[in-house]
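**Student:** I'd like to ask some things about the structure below.
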Amino acid sequence: MIDQLFEFVQNHPLLVGAFLLVLTAWIAYEVRNSSSGGVTSGEATQLINREDAVVLDLRESGDFKAGHIAGARNIPQSKLDERMRELDKFKDKPIIVACKHGQSAGAAQAKLTKAGFERALKLKGGMAQWQADGLPVVKK
């Protein structure tokens, strides 16, 4: 099997080179995004308790009602631009952006930062990680 791999690499150097280039770019992207403005569940809990951080839940209302962080505000990501004014009174507080798995919160975090929210942070792993860590959720 290893012989076949070496033969493939020798016969298709451009394909292998392109694969390695894409793999390297993907890893660099993931490393850069995982460290930019994200907080773990424990850090988010501390911000909520000590600095009265606001949690912005980007999930649709059905997912939000099924379980969310206590005190979280639900603004679906598709309506964030038109409902951004609702958050203006919280510009002086940390805002923790939570989504389902922590993948789409970065875009919302960037929008908030551009709108003047200096302490916009995303919840690493999203609500899936919050629940996996055994932290409480409120159901409505």
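According to my numbering, the sequence shown is numbered sequentially starting from 8. Built from N, CA and C at the ideal position, the CB exists for glycine as well. Model, not experiment: these values are computed from the prediction.
Which residues in the same chain have their Cβ closer than 6 Å to the Cβ of Gly132, if we skip the five residues on either side of it in sequence?
**Tutor:** Locating residue 132 in the sequence shown gives position 125, where the first residue counts as 1. Answer for Gly132: Gly109, listed in chain order.
**Student:** Please list the segments of the beta strand (DSSP E) lying wholly inside the stretch 98-126, counting only runs of 3 or more residues, in order along the chain.
**Tutor:** 102-105
**Student:** Assuming Ala79 and Ala60 are in contact, meaning their beta carbons sit under 8 Å apart, how far apart are those beta carbons, in whole angstroms?
**Tutor:** Within the sequence shown, the letter at position 72 stands for residue 79. Within the sequence shown, the letter at position 53 stands for residue 60. Not really, about 10 Å apart at Cβ, beyond 8 Å.
**Student:** Which residue from Gly113, Lys121, Pro143 and Ile76 puts its Cα closest to that of Met95?
**Tutor:** The sequence position of residue 95 within the sequence shown is 88, counting from 1. Note on identity: in this sequence residue 95 is Asp, with Met being the wrong assignment. Answer by Cα proximity: Lys121.
**Student:** Starting from Val16 and walking both ways along the alpha helix (DSSP H), at which residues does that stretch end?
**Tutor:** As a position in the sequence shown, residue 16 is number 9, starting the count at 1. Run containing Val16: Ile9 to Asn18, per the alpha helix (DSSP H) assignment.
**Student:** Please state whether DSSP places Gly45 in a helix, a strand or coil.
**Tutor:** For the purposes of this step, residue 45 is identified with residue 38 of the sequence shown, where counting begins at 1. Residue state, collapsed to three classes: strand.
**Student:** For Val38, name the three-state secondary structure that DSSP assigns.
**Tutor:** Here residue 38 refers to the residue found at position 31 of the sequence shown. The answer is helix: DSSP assigns Val38 an H, G or I state.
**Student:** Can you tell me the Cβ-Cβ gap for Gly3 and Lys98, rounded? I've got them flagged as a contact below 8 Å.
**Tutor:** Coverage of the chain is limited to positions 8 through 147, which leaves residue 3 absent and any answer about it impossible.
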